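In numbering that gives the first Met the number 0, the protein residues as written are 0 to 284.
Cβ coordinates follow ideal geometry from the N, Cα and C atoms, glycine included.
Just so it is clear, the structure is predicted and the values come from calculations on it, not from any experiment.
First up is the structure itself, then whatever we jot down about it.
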Amino acid sequence: MQDRNKTIKHYLLASDFDQTLSFNDSGCVLSELLGIPAETFTTRTTELSRLNLVQQGGELAYLLLHDPEYRSQVRREHLVQAGQRIRLKQNIGALFRLLDSGIDGYHFDFYVISAAPEEVIQSALSGIIPSDHIFGTRFRYDDSGQIAGIERVTAGYGKVAVLDQLQVLHGVSQDRIVYVGDGSSDVHVMLHVNRRDGFTIAVSEARYVTQIAKRTILSDDALSVIIPILEQILGWDSNQIRGLFEKQGFLIQEWDKVRTDWLTIRHSVADLPLLGTEYLNVSPA
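Here it is, written out as structure tokens:
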């Protein structure tokens, strides 16, 4: 084992959960389970975001603890049931195995760090990702099973704190950290990783994330995030990457590289009194 450790490069890879490894928002799924319209959840979380009452990503935790409609209904078993209803992206287990031992000379310790309730994530990923590799928002419960308090909220800087703890645990250098995310709750941790020469990957087209992430990749398959890692960290070309996928029993059917430029164009200030204010969003076809 000692000789093996000398020849293998160790990395730490952390991923968000909602809409990164899944297609759903945990809050919407939980709301529908309780008979609360998803639109109600969206409206309330949007208002919380607007008022800046909680860190971005922590809105569901706030509702579960403080909103009467949610607090009165939700028990731990409801969080577990919601996790069972989450629609996951394909091949998360294959991604975990590939990162663990499928790339010669490299090992990636894979963790999930998300603002979603820990019970939801563990339930959704049961049998796929070990529970001790999952860090979500953690609640305290009273004797009736009702949420009594919060022990940890892994949103915003909360994600940074967990990631730093994992870095110390595994003894990896800061430039060997990879983070994968999709939304506003990932901004702080992505900036943190980038500042320390790590690698960040966005899996959505949300501008506040794609402008920060070093690479963006869009796919319904969780295995897709391995591609920018192989390209940027290992320096592989497309033929090597396709060969690895085929060795693992997968075939890359479509792989399009597209650069998107976001611009806002308006009339000059001199023209504004005559023409009014006109904005045109332009992006390449």
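Unbroken alpha helix (DSSP H) run spanning residue i, endpoints
i: Ala93; result: 91–100
i: Glu150; result: Run containing Glu150: none in the alpha helix (DSSP H); it sits in the beta strand (DSSP E), 146–151.
i: Gly293; result: Absent from the structure is residue 293, since the part of the chain shown begins at 0 and ends at 284.
i: Ala123; result: 117–123
i: Arg194; result: 186–194
Per-residue DSSP class, three states only, for residue i
i: Phe109; result: strand
i: Glu230; result: helix
i: Arg86; result: coil
i: Ala60; result: helix
i: Phe244; result: helix
i: Pro36; result: coil
i: Pro67; result: helix
i: Thr42; result: helix
i: Arg74; result: strand
i: Ser21; result: strand
i: Ile264; result: strand
i: Ile127; result: coil
i: Asp2; result: Low per-residue confidence applies at Asp2: pLDDT is 48, beneath 50, and the placement is therefore not dependable, though the value from the model is reported in the following sentence. Reduced to three states, the DSSP call for Asp2 is helix.
i: Ile200; result: strand
i: Ala212; result: coil
Beta-carbon contacts of residue i that lie in its chain and below 6 Å, excluding the five residues immediately before and after
i: Ser30; result: Ala37, Phe40
i: Val257; result: none
i: Val192; result: Ile176, Tyr178, Thr199
8 Å CB neighbourhood of residue i in its chain, flanking five on each side removed
i: Leu273; result: Residue placement at Leu273 is poorly supported in this model, since its pLDDT is 44, which falls under 50; the coordinates are not used for a value here.
i: Gly104; result: Thr6, Ile7, Lys8
i: Tyr10; result: Tyr105, His106, Phe107, Asp108, Val171, Arg175, Ile176, Val177, Ile232
Limits of the unbroken beta strand (DSSP E) element including residue i
i: Lys8; result: 8–14
i: Val177; result: 176–180
i: Arg206; result: Per DSSP, Arg206 belongs to no beta strand (DSSP E); it is in the alpha helix (DSSP H), 206–209.
i: Thr136; result: 133–140
i: Phe249; result: No beta strand (DSSP E) holds Phe249; DSSP gives it neither H nor E.
Beta-carbon proximity check, residue i vs residue j, cutoff 8 Å
i: Leu78; j: Pro116; result: yes
i: Leu94; j: Ile240; result: no
i: Val202; j: Leu222; result: no
i: Ser14; j: Val111; result: yes
i: Asp219; j: Lys88; result: yes
i: Gly135; j: Ser100; result: no
i: Ala154; j: Gln55; result: yes
i: Val188; j: Gly57; result: no
i: Asp66; j: Arg43; result: yes
Spatial neighbours of residue i in its chain, beta-carbon cut-off 7 Å, leaving aside the 5 residues before and after
i: Thr276; result: The predicted position of Thr276 is uncertain, since its pLDDT is 35 and thus under 50; a value taken from the coordinates is nonetheless stated next. The answer, listed in chain order, is Arg265.
i: Ile146; result: Leu63, Leu64, Arg70, Val73, Phe138, Tyr140
i: His132; result: Phe109, Tyr110, Val111
i: Gly92; result: Ile127
Notebook entry, point to check: Looking at C-beta atoms only, is the number of pairs between the segment 119–130 and the segment 80–93 that lie closer than 8 Å three or more?
Noted result: Yes: the two stretches touch, three or more of their Cβ pairs being nearer than 8 Å.
Notebook entry, point to check: How do the segment 202–213 and the segment 162–182 stand: do at least 3 beta-carbon pairs fall below 8 Å, yes or no?
Noted result: Contact annotation: the segment 202–213 touches the segment 162–182, with at least three C-beta pairs closer than 8 Å.
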